[in-house]
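Number of protein chains: 2
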Amino acid sequence: MIAVYVLCQVLYTSILAQSRQMEWVPVAPGVWKAVTGMPENMDPLRVAGIKPNTTALEKMGDISFPEHLRKSTGEQSDAGTFLSFPLQKNEQLYGLGLNFKSVQQRRTVKELQVDHYGGEDNGRTHAPVPFYVSGNGYGVLVNVARRVKVYAGIIARKDSKDPPPEMNRNTQRDWNPEPGSDVVEMIIPAAGTEIYVFAGKSPLEVVQRYNLFCGGGVLPPKWGLGFTQRTPTLFTDQQVLEEIAAFEQKGYPLSFIGLEPGWQQYSYPNNFVWDSIRYPQPQQFVQQLLLKNIRVNLWINPYISSHAPFFKNMQPYTGSHLVWAGQVPDLTMAPVQDLYKKLFTEKHIDIGVSGYKVDETDGYDFWLWPDNAKFPSGLSGEQMRQVYGLQFQKMSDNWFREKNQRTYGLTRASNAGSPSMPYVIYNDYYNHRDFITALCNSSFIGVLWTPEARSSKTAEEWLRRMQTVCFSPMAMLNAWADGTKPWTFPEVADEVKEVMLLRMQLLPYLYNTFAQYHFEGKPPVRAMNLVDGFYFNATAERGNLSSSDNPYEMALRRDINDQFMVGDYLLVAPLFAGQKERKVVLPQGKWYDFYTGKLAGEGNIIEIKQEMGKIPLFVKDGGMIPMIPAVLHTPRKNELLPLHIKYYGNAENNMELYDDDGETFDYEKGNFAKAVLSVKKDKKGTLKGNAVLPESKDFHYNKVTWEFMTANNDK
Amino acid sequence: MIAVYVLCQVLYTSILAQSRQMEWVPVAPGVWKAVTGMPENMDPLRVAGIKPNTTALEKMGDISFPEHLRKSTGEQSDAGTFLSFPLQKNEQLYGLGLNFKSVQQRRTVKELQVDHYGGEDNGRTHAPVPFYVSGNGYGVLVNVARRVKVYAGIIARKDSKDPPPEMNRNTQRDWNPEPGSDVVEMIIPAAGTEIYVFAGKSPLEVVQRYNLFCGGGVLPPKWGLGFTQRTPTLFTDQQVLEEIAAFEQKGYPLSFIGLEPGWQQYSYPNNFVWDSIRYPQPQQFVQQLLLKNIRVNLWINPYISSHAPFFKNMQPYTGSHLVWAGQVPDLTMAPVQDLYKKLFTEKHIDIGVSGYKVDETDGYDFWLWPDNAKFPSGLSGEQMRQVYGLQFQKMSDNWFREKNQRTYGLTRASNAGSPSMPYVIYNDYYNHRDFITALCNSSFIGVLWTPEARSSKTAEEWLRRMQTVCFSPMAMLNAWADGTKPWTFPEVADEVKEVMLLRMQLLPYLYNTFAQYHFEGKPPVRAMNLVDGFYFNATAERGNLSSSDNPYEMALRRDINDQFMVGDYLLVAPLFAGQKERKVVLPQGKWYDFYTGKLAGEGNIIEIKQEMGKIPLFVKDGGMIPMIPAVLHTPRKNELLPLHIKYYGNAENNMELYDDDGETFDYEKGNFAKAVLSVKKDKKGTLKGNAVLPESKDFHYNKVTWEFMTANNDK
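Protein chains in written order, with our numbering: chain U, 1 to 715; chain S, 1001 to 1715.
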């Protein structure tokens, strides 16, 4: 045996340890694949069960392979697989997991692994997607369920054609401790892996192709885009009903409510069964809420109590280690998936539960199983950790799909292949600025993130946090521990209500934005670096503007991580507690204040002073913001509502407005409808809006009114 | 080739992936070795070239193998080697690298790797020695040059005979998020490893056996125990001479001086050649200092400039990556060692240089080579990183040994096998409390650490830092960046001088303490957990004392990381800036105030209020502190000095006082001498001291005077 082992060592090092250029095979329009070594039989894309949207990819048109990546190499040794990808000068990199501090990732080192974010962009994060997007228009994805160590243009190679110059620290003031390199190197503790390259004329196109290749972004049920509140963990059914009544009576919107661990009889570990004292009649309770047009979301984590109905049957399929003395099911195995499906469908979904919050699938190392844990499927602890959260997303998505019912929930862990998953990432970290940086970074890697509000020290902080969460993929107040209410700070209770209602009014715009995510792969929330004209004309612009007024060159140097886009037209520039004014970097073209319609600036940095009440919002020239009245609940299926369109600037423009039943998957069979909204100048040069509404049961807006925020006001 | 590769995979997983009990073979008295899988051909103990001191180990007496470790297992898979070691209830663990925050390490997870300490005890540290000491009297060492991931009694196994009880967080207040486990599990990315077990009746004995197995602790040259100052990086020879003159004139002691990067012509990367402008006549300069009885230490890091004399010859022997655009020599290769030896001997040692400060052998990941770096010897970047600092220590130690001249320098990186290395670890971190915790932890893992002083915000902080560094293995002021002097804060200039001179007076005690390190393996600085009666009688003591007055039970629960022992008799309880009083946990027996000789307490917690000036010091009952006059330089070879012995308490006692030439390795050939100091009561019950001084050229003290600090004062 040892002899064989030695043989292996020798063969590994002698035969296998040679780096070979990768062979790139087109797998979809603008997408190429290469294989190095022997890929493992389980990987994130497989777990996510991606179904590339080739039609949409074809529609994006032809584009050629990024030539300089031809020199990419792969190599195997007994230490695993090494990858090498060339970098060009002044090339910026984005992505490499859900980072909270930085947007630009060149000259960083990361070991990408699923974990709770610990305050450093070191690779330990909730979605360590091994995907980077280059500012030069391509993306590289490594599809492996392992920790991927990435040296992103940081350590120079001796054999580099263009190594950094040697300097003398004794005499040279500009000595650079991080001279950087012209290569991205990766180390993967596996015998091989698949690598995908996504091309694009812009970073946005790269991200679109990645998202479409993964099946397109999720289209949530409409109720998922409303406001949600999570109640204290030991609340009873009556207390939940009182909470809902309070929202209604005070006029704060609410679309779904989240029950925390206490809804169960046993939790940490869990038995997944309603507690008979706090929830004596669960079905009646859930149906009661549905009648009020409020959905129910249940907290769980996957770790199994001996009191769980399926405990005995699960025994053969759990891992070698315990989490909080609970068993750890091997989610990759069919029997496990069947047992979960049966129990969860019967006890939750069949009685009307609409979704889940899946906790603690991310970390920490001192809570979850060790890397050497063994699972019945043969997977190691390291592999399982990388896909556990993703696996649960996929598994639960299927339960709802089979009932032709969309869900929208919360997860703490994700990985590659996640764009179409109906889950939003959250965590326990609570830095408001970093939460916004994460919002920016989520757009590069095909995940959704919510900067949830929990509690605050001051009324101002509360308002600022509630404002930003209302412009995120899930507008959530997570008050399970603190019991905070939107109106907890009376000084700002009205302003909080205003932004929550604005969220509801924006539903048509938000839903249309998510339709873009699904059908075109455009992330609903976008980092500024994904905005055309924000980055790419940087060099072109340099001559024209002074360095102080030139946002683009700055954007090259420093991160713009405190502002972001929602959809094509809306730029959000949050204020943070203690901040009375801030700088906003406006992309090229004219931008207008959302509230007044006045010109705010044009491709420059503006300094804004905002009164306490509002979150700074800007709209692009020609931007149309379709809105509905300030409703307290997201509209029911088939409910018709009038459409009010705010129009900004003077440019003629037109857009499509998407709609469907908002609840089922029928849109995948083509059951959706689009209105065409267009604005043209008449002979007098006055802007006129025209809305062509489709004759379709899938379109739920009528009585269109136009509001020209800029143009016709100026007259 | 791929076929072969698949074969390997299969063989790995099918044939090798079974855990097997380790077979323990005695390799020295109280030391056992086991092998699992195929150990690599390079490991820390081999790099350190350890020569076990079997004579001393035999002298410690027989002791049996810790029975419950028989159940330890090893296992290989394609993911590497997994180790499992059983743990008993209430067993405490110490060690696992140079930690800065915590002393007790049970219920922690660490990935032990050489790196700059980043503020978390996560395994990234300067000396990630894979060695843990159990409070139950044994130690486990993993001898491998790889990152070792350790789960120290934290994640419970499903197959545990005694798993933690399942609890219900909904209803049980005492729900425990970290229930812990009864096993230490380790993961090593290698095909196998050696494991060593060290037995002991106490943790101290375990540490002694580890240190003696590694050849015994280092015995520094006497000058190494004096005070040292590092001058600003671009100082010229004249400025250094002025600095030395200032020390002399103001009456502050100085034994060796450190020159920073600027002594070289080129640095970062380095050419290792004196700068002809700042140091036109290096030999003359160094000799001039030697005449003043002051040694010279040179800063370097190993990274090679193209201007280095041996640059061309080094080319074939450098790694695949660059550090600061400098070449990275493969220190494990003979030609590299020869080139270094020739250049360094010729340019430095032959002209009188006494030692080195070897910088940046530790980290960061964004400075040093990546894990996949390749070195000509065939070692990977990961392996090289784990032993690079250790390798340089060993290499340079040999240069001096061959001249029968002891050295004593500074390193940033070490690993297993280091006790006999003449190097003290330092870093860039600067938290005073954490520096003291590191001092405690250094005693478990056979390394030396200096809580160097650099600069301070206040005079008080400066005094407190200077006081603690004077009770550490190297009393260093590292002012290369700030140019701080001992007298920089006039308010405390006298107190700083007092403690620096006290350091010099304590030389006989300190040197004797280091002799114990060398001949008996007792660490010179010790964590309280290594003091007999501090920990082991904990349970016995519980009944007798109230929980508030019972330090032992507390010591079980919380870390005592702000006080430590220097040698057998001296307990140091530093004060920190802003602290006017503090608690001190006194081990069993009577303890006396060093300055007054008054009884301080007896096996209890005392609250002390200390006037600004002094660092709290306590002496054990019967403690003898041999001292010399307050000299400004450590004595020259053959210089005779009077011996003054402070005696504390009333117990009769006797001790041996070691001495030798203080400069050469002749002590290894038996050329040393010991005095016997004894104190007995006469008929009247008065304590009388008696010193039997050896007739030997190796003994350099005469004219013994006794001072009975407690007993005869009381009369």
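Ideal placement from N, C-alpha and C gives every residue a C-beta, glycine not left out. None of these values were measured; they are calculated from a predicted model.
- Straight-line spacing of the CA atoms in residue 1497 of chain S and residue 1503 of chain S works out to 10 Å.
- Each residue's CA atom was taken as its position, placing residue 390 of chain U and residue 115 of chain U some 13 Å apart.
- Contact with chain S is absent for residue 387 of chain U, since none of that chain's Cβ atoms lies less than 9 Å from the residue's Cβ.
- Contact annotation: residue 72 of chain U and residue 21 of chain U have beta-carbon atoms nearer than 9 Å.
- Around residue 366 of chain U, the beta-carbon contacts reaching into chain S at under 8 Å are 1107, 1108, 1109, 1154, 1155, 1178.
- Here the alpha carbons of residue 113 of chain U and residue 146 of chain U stand approximately 8 Å from one another.
- Taking a beta-carbon distance threshold of 9 Å, residue 1321 of chain S counts as an interface residue toward chain U.
- When the Cα atoms are used, residue 30 of chain U and residue 566 of chain U turn out to be separated by approximately 26 Å.
- Residues of the region 302-317 of chain U with a C-beta less than 9 Å from any C-beta of chain S: 305, 306, 307, listed in chain order.
- Between the region 1086-1098 of chain S and the region 1120-1136 of chain S there are three or more inter-stretch CB-CB distances shorter than 8 Å, so the stretches are counted as touching.
- Per DSSP, the unbroken alpha helix (DSSP H) holding residue 1396 of chain S starts and ends at 1381-1401.
- With contacts defined by Cβ atoms closer than 9 Å, residue 1686 of chain S and residue 1475 of chain S do not form a contacting pair.
- In the three-state reduction of the DSSP assignment, residue 1598 of chain S falls in the coil class.
- When the beta-carbon positions are compared, residue 1643 of chain S and residue 1711 of chain S stay at least 9 Å from each other.
- Along the length of the region 1434-1512 of chain S, whole alpha helix (DSSP H) runs at least 4 residues long occupy 1459-1469, 1493-1505, reported in chain order.
- Taking a contact as a CB-CB distance under 8 Å, the pair residue 1148 of chain S and residue 1142 of chain S counts as one, their CB atoms being some 6 Å apart.
- When secondary structure is reduced to three states using DSSP, residue 1141 of chain S falls in the strand class.
- Not flagged as an interface residue toward chain S: residue 213 of chain U, since no C-beta distance is shorter than 9 Å.
- Within the same chain, 1625, 1707, 1709 come within 6 Å of residue 1646 of chain S by CB-CB distance, once the 5 residues on both sides are set aside.
- The bridge partners DSSP lists for residue 627 of chain U are U/644.
- Taking a Cβ-Cβ cut-off of 8 Å, the neighbours of residue 175 of chain U in chain S comprise 1268, given in sequence order.
- With contacts defined by Cβ atoms closer than 9 Å, residue 325 of chain U and residue 1155 of chain S do not form a contacting pair.
- Taking a cut-off of 8 Å for Cβ pairs, the region 511-518 of chain U and the region 217-233 of chain U touch, as three or more such pairs fall below it.
- Residue 482 of chain U places its beta carbon less than 9 Å from that of residue 454 of chain U.
- Counting along the chain, the unbroken alpha helix (DSSP H) around residue 314 of chain U starts and ends at 311-314.
- With three or more CB-CB distances shorter than 8 Å, the region 1260-1269 of chain S counts as touching the region 1298-1313 of chain S.
- With respect to the C-alpha of residue 599 of chain U, the residue from U/606, U/590, U/605, U/607 having the closest C-alpha is U/590.
- For the pair residue 705 of chain U and residue 688 of chain U, the Cα-to-Cα distance works out to about 11 Å.
- Residue 1495 of chain S and residue 1507 of chain S have their C-alpha atoms roughly 19 Å apart.
- Between residue 1230 of chain S and residue 1479 of chain S the beta-carbon gap is near 6 Å, inside 8 Å, which marks them as a contact.
- Taking a C-beta distance under 9 Å as the contact criterion, residue 665 of chain U and residue 574 of chain U do not qualify as a contact pair.
- When DSSP reads this structure, residue 1582 of chain S sits in a beta bridge with S/1608.
- Beta-bridge analysis with DSSP links residue 1026 of chain S to S/1032.
- Between the region 1670-1686 of chain S and the region 1244-1254 of chain S, the count of Cβ pairs shorter than 8 Å is below three; the stretches do not touch.
- Listed in chain order, the non-local C-beta contacts of residue 1307 of chain S below 8 Å within the same chain comprise 1265, 1266, 1271, 1273, local neighbours out to five positions each way being set aside.
- When DSSP reads this structure, residue 681 of chain U sits in a beta bridge with U/687.
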